[in-house]
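Residues 1 to 555 (UniProt numbering) make up the sequence shown, in order.
Heads up, the thing below is written out as structure tokens.
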Amino acid sequence: MKCTTPEISWHNRDPVLSIDIQNKSCETSVGEDFWRLATGGADSHVLIWHLLTCENSATTIKCVADLERHQKAVNVVRFSPSKEILASADDESVIILWKQKEECDFFISSDDNENKEQWCSWKVLKGHLEDVYDICWSPDSTSIISGSVDNTAILWDIHKGRSNGILSDSKGFVQGVSWDPCNQYICTISSDRQCRLVDISTKKTVQRVHKSNIPTPLDYPLRGKTVRLFYDDTFKSFFRRLTFSIDGTLIIVPSGIIEPQDTIEKTSNATIVFSRHNLKELFIYNITAVIFAFIFRPIMILPSLDECTIAIRCCPVYFELRKNGPVPTIALPYRIIFAVATQHSILIYDTQQISPIAVISNIHYTRLTDIASSNGHILVVSSTDGYCSIIHFSENELGHVYNGKGATITSTSFPNSNNNERITPNTSSAIETKDNTLLLDIDTNAMDVDVRKNRKITMQDDQCEKTYHENNDIIKQNNYNLSEGNLAKVQYGNKSDETIEETEDIKLIYNEESNNDAKSVKKNTSPKMTASSIIYKKTPRRVKLITLSSSKRKK
1 MKCTTPEISW HNRDPVLSID IQNKSCETSV GEDFWRLATG GADSHVLIWH LLTCENSATT
61 IKCVADLERH QKAVNVVRFS PSKEILASAD DESVIILWKQ KEECDFFISS DDNENKEQWC
121 SWKVLKGHLE DVYDICWSPD STSIISGSVD NTAILWDIHK GRSNGILSDS KGFVQGVSWD
181 PCNQYICTIS SDRQCRLVDI STKKTVQRVH KSNIPTPLDY PLRGKTVRLF YDDTFKSFFR
241 RLTFSIDGTL IIVPSGIIEP QDTIEKTSNA TIVFSRHNLK ELFIYNITAV IFAFIFRPIM
301 ILPSLDECTI AIRCCPVYFE LRKNGPVPTI ALPYRIIFAV ATQHSILIYD TQQISPIAVI
361 SNIHYTRLTD IASSNGHILV VSSTDGYCSI IHFSENELGH VYNGKGATIT STSFPNSNNN
421 ERITPNTSSA IETKDNTLLL DIDTNAMDVD VRKNRKITMQ DDQCEKTYHE NNDIIKQNNY
481 NLSEGNLAKV QYGNKSDETI EETEDIKLIY NEESNNDAKS VKKNTSPKMT ASSIIYKKTP
541 RRVKLITLSS SKRKK
């Protein structure tokens, strides 16, 4: 591993706020491979660079285009997965989509300062009211999610040039957004200390988390206690650049915090790791009144001690498991490597162990702002001191590239919030105790319907089910007494059809042995409600009363 900081004026020595690498290397006219970089700075410019690497880890970098349409500081730049479009966002709430013209010269000359590549503004997206802090592309390069200081995140259709939806449930600045590689979720993190998971199809918040109990050793003072997971608006950075892992199994969120119960102890900073397979866990809080809840808890806490975490990027390459390494913390058939940027350091992790495999520190005078990775050989870092660093990894230094086919990952592969527990597919028997209270605010506006069978039924469940049917009969009888005219509309023969709710995620558990009891209850209640003779008797009387009252009103 070799780290170099080219002594060039990236943005006239103004802070470099964002950096990104195109996902595939290109080739010059003379046959040399290079990587295309994009940087955004406080000088309101977007710069395109060519980065060439040599066998001895030496790097050569050259500016090939200067994009000058922004009027204020550029906070984020991101290449599309298709390599065709570059998106940039600034402090003026504007997002510009750039496209490269086909006629360009890839030859790099050291004497000519003119633009070697021609990029033009393709579309301008306007919808935010304040600064745009972060953007992320969809896997198919057709949409963008953007987060802003106006407390909203907007989904954009880039071909239509307009928004598909506005996520406005945040109570603070949206400082980080990420798009699921599986194209199912969007994740946001904001200054109101909440991380939200949004379903793309419904535009509804599936889960939100800001409090939880965290994985701790047995003798740790915070074990079993509920703590806040993220910084508030006192966070020492404009950005909280979270990310999904490249396979979509993990959500890695910066700006984590561990607040001790004792005020004497120091607050620890951390990176919070969630699993998409740990999104839905069923707990029963009270036997007499069955309550189902779905919670979202971290599976790992990666401490960074005194430095808060700002940005996270995953290497776009899978690596083989180390044969002499520890037992994988997360049971994946491959290793995923990701880099975490703190204020002054870079921590490199993989999914086989919880401690970092590499640490790069003290490479800049001021805080870091963004990181980007290529193919496992290059990692670039931007800083507010006006410089960028290039970290070069030699061949197989991070490991051998994984060439096997991806295995189907089940929920049993991911650890639970307790260190010695794992999530099992059958969660119908899980019971929440007093030690594990509700960990976070639950949003039940959208959930999956999951019907399970439980053949073993207890006497308490029988009593609970009977009480449920009796209460329903009382409520329905009261409704019948209040509105006799609507009696024909009530259908008591199909009680199961009346349990349809607007929520999309409900986990249902039914017992086959109790089906006969439910049928007998239906048989006993249905004759009481079929009173068609009463309707025919009262109908003539009502007609006469209406006629008499109408004649009196005319007089």
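Cβ coordinates follow ideal geometry from the N, Cα and C atoms, glycine included.
- Under the three-state reduction of DSSP, asparagine 278 is assigned to helix.
- Segment contact: the segment 120 to 133 against the segment 142 to 152, three or more CB-CB distances shorter than 8 angstroms; contact assigned.
- Here DSSP, grouped into helix, strand and coil, assigns proline 81 to coil.
- Here DSSP, grouped into helix, strand and coil, assigns tryptophan 122 to strand.
- Residue range 309 to 314 is occupied by the beta strand (DSSP E) that includes cysteine 314.
- By the neighbour-count criterion, in which 16 or more other beta carbons inside 10 Å mark a residue as buried, alanine 89 falls on the buried side.
- For isoleucine 214, no beta strand (DSSP E) encloses it, and the DSSP letter there is neither H nor E.
- In this structure glycine 176 is buried. Its beta-carbon is surrounded by 16 or more other beta-carbon atoms within 10 angstroms.
- In the DSSP assignment, no residue is bridged to methionine 1.
- For the options Cys315, Gln353 and Met300, the alpha carbon positioned closest to that of asparagine 324 is the one of Gln353.
- The three-state secondary structure of tyrosine 334, taken from DSSP, is coil.
- Arginine 208 places its beta carbon 8 angstroms or farther from that of cysteine 187.
- Minimum Cα-Cα distance from proline 254 among the listed residues Ser275, Leu229, Val74 and Gly248 corresponds to Leu229.
- Of Thr309, Asp20 and Lys2, the smallest CA-CA separation from valine 74 is found for Asp20.
- When DSSP states are grouped into helix, strand and coil, aspartate 180 belongs to the coil group.
- Counting only residues of its own chain and dropping the five nearest sequence neighbours on each side, serine 345 has a CB closer than 7 angstroms to the CB of Glu307, Val359, Ile360 and Ser361.
- Within the DSSP bridge table, the entry for lysine 99 names Ile85 and Cys120 as partners.
- DSSP places histidine 50 inside the beta strand (DSSP E), whose first and last residues are 46 to 53.
- Beta-bridge partners of arginine 228 (DSSP): Lys211.
- Classified as exposed, glutamine 71 has fewer than 16 neighbouring CB atoms from the shown chains inside 10 Å of its CB.
- Per DSSP, alanine 65 is one residue of the beta strand (DSSP E) stretching across 59 to 67.
- Residue environment: isoleucine 200 is assigned as buried (16 or more neighbouring CB atoms within 10 Å of its CB, all protein chains considered).
- If you look at tryptophan 137, you'll find it in the beta strand (DSSP E) that goes 132 to 137.
- DSSP places glycine 40 in the strand class (E or B) of the three-state scheme.
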